[in-house]
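Reading through the structure tokens given below for one structure.
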Amino acid sequence: MSVFEDSLFKYLKEYHSVSFPEIGSFMLKSDRVQIHPVSHHFQAPKEYWHFNPYLLKKDRAFLQWLTEESPVPNPEHSYDKYAKRIKSNIEKKGSFKVINIGEIKFESGKWLFTAEDAPNDAFFGLPELK
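Heads up: the sequence shown begins at 7 in my numbering, then just goes up one per residue.
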């Protein structure tokens, strides 16, 4: 994992969203503790990765964080280079894997996102309560 990808992952865990122009936004979404509607068991809180192809802005908050709090050299250049790498791989290979987050594909005019397991820190590995 590169320094940029490591910083991207850390930022997403803390702030839950990073956008790239012409690509979209990667998000870490959360569900709170729930009670199952049929079994009435408590269900643990969970986190999951999401991709939104409609949020296409340059993420100034992420760039500021990269500049102030990460070891990424030349943050804006690294951000732009990573965005170009994603776009180029999707155009040439049809997909791009974002390490620890998931893989995005563009097939038949539609975006597909296959998420990896999210860092479920909110649950601390405890089992479902019954």
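The beta carbon of each residue, even a glycine, is placed where N, CA and C say it ideally should be.
The C-alpha of I107 is placed about 22 angstroms away from the C-alpha of G115.
Here A124 is near E53, since their CB atoms are less than 8 angstroms apart.
Taken in chain order, the complete beta strand (DSSP E) segments of 3 or more residues contained in the segment 33-101 are 52-58. Per DSSP, E109 is one residue of the beta strand (DSSP E) stretching across G108 to E113. Rounded to whole angstroms, I29 and R38 show a C-alpha spacing of 29 angstroms. The beta carbon of M7 is closer than 7 angstroms to those of I105 in its chain, skipping five residues each way along the sequence. Excluding five sequence positions before and after L118, the CB atoms of its chain that fall closer than 8 angstroms to its own CB belong to I110, K111 and F112, given in chain order. Residue range S23 to F26 is occupied by the beta strand (DSSP E) that includes S25.
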